[in-house]
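K.L.:
Input: one structure, supplied below.
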Amino acid sequence: MNSDLDEIAIVSTVKAGRRALRVEIADPRQDPGTPGWRCVYRVVGGPAHTAHGPDRLAAIYAALVDISDAATLASATGNPTDPHHARIPEDPRLPVDDRPVSAVKAREFGPPLGAKAVQTTEGPVVITLGRPRQDPERPHTYLCPFRIDDRTEAFGQGIDEVRAVISAVRGVGSILGIPLDWPGSRTPPSRPSPGSRRSR
Numbered sequence: 001m002n003s004d005l006d007e008i009a010i011v012s013t014v015k016a017g018r019r020a021l022r023v024e025i026a027d028p029r030q031d032p033g034t035p036g037w038r039c040v041y042r043v044v045g046g047p048a049h050t051a052h053g054p055d056r057l058a059a060i061y062a063a064l065v066d067i068s069d070a071a072t073l074a075s076a077t078g079n080p081t082d083p084h085h086a087r088i089p090e091d092p093r094l095p096v097d098d099r100p101v102s103a104v105k106a107r108e109f110g111p112p113l114g115a116k117a118v119q120t121t122e123g124p125v126v127i128t129l130g131r132p133r134q135d136p137e138r139p140h141t142y143l144c145p146f147r148i149d150d151r152t153e154a155f156g157q158g159i160d161e162v163r164a165v166i167s168a169v170r171g172v173g174s175i176l177g178i179p180l181d182w183p184g185s186r187t188p189p190s191r192p193s194p195g196s197r198r199s200r
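Residue numbers 1 to 200, in UniProt numbering, belong to the letters of the sequence shown in order.
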């Protein structure tokens, strides 16, 4: 077994049409001798792959996007789920519900999956994602908590852990007006027009 998979951050059964793909995503590690990070993941029954990013959260997000590509390929073709050989004309990402769940129903935040400081039009904020878990009230729904500084806490949601994390990422992007793929994006936010200000 790949030693990078000894410490697992997320284990998920990802729905892919009528198929269910068992995936393992390791805790990201720093690349030796570089400032970057790597995240090893595997669709069970296939080889291990490595996603890279400039920080911990970017690396794990890159792995999630690769897995979403593989799941969509499996759903569309039924072929082996190696995302590095997938070529799909449609958007390869998994459909997710981008609407965050209200914090009125908040569960405990739990251990963090990762955190990142990002620049917004109103200055820097720190975003923290929690680890996804099954909703105790809805057995076919998974939640991924997120926190924006200390002023906003809510959940992304999906039909599996992978979709829940991607939903949380996009929910943060929608709230802050930053790119929806902000963990791996280097694009700075647009400056607000004179007299405009994002509502809190």
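For every residue, glycine included, the Cβ atom is placed at its ideal position computed from N, Cα and C. Small disclaimer: the values here were computed from a predicted structure and weren't measured.
Ignoring anything shorter than 3 residues or poking outside the stretch 2-78, list the beta strand (DSSP E) runs there in chain order.
P.N.:
8-16, 19-26, 37-43 and 48-53
K.L.:
Please report the distance separating the alpha-carbon of residue 81 from that of residue 20.
P.N.:
Because the pLDDT of residue 81 is 48, which lies under 50, any placement of that residue in the model is unreliable, and the number read from its coordinates should be weighed accordingly. Residue 81 and residue 20 have their C-alpha atoms roughly 11 Å apart.
K.L.:
Helix or strand or just coil, what does DSSP make of residue 171?
P.N.:
It is helical.
K.L.:
Leaving out the 5 sequence neighbours to the left and right, which residues in its chain are closer than 7 Å to residue 5 when beta-carbon positions are compared?
P.N.:
Cβ neighbours of residue 5 beyond the five flanking positions: 24, 26, 40, 42 and 48.
K.L.:
Using only the alpha-carbon positions, how far apart do residue 16 and residue 7 sit?
P.N.:
25 Å
K.L.:
Going by C-alpha distance, which of 144, 70, 113 and 171 is nearest residue 59?
P.N.:
113
K.L.:
List the whole-angstrom C-beta distance separating residue 57 from residue 129, where the pair is believed to meet the contact cut-off of C-beta under 8 Å.
P.N.:
7 Å
K.L.:
So, with DSSP's three-state summary, where would you put residue 178?
P.N.:
coil
K.L.:
If we define contact as Cβ-Cβ less than 9 Å, is residue 132 a contact residue for chain B?
P.N.:
In the structure shown, chain B cannot be found, because there is only a single protein chain.
K.L.:
Just the C-alpha distance for residue 138 and residue 34, rounded to the nearest angstrom, thanks.
P.N.:
43 Å
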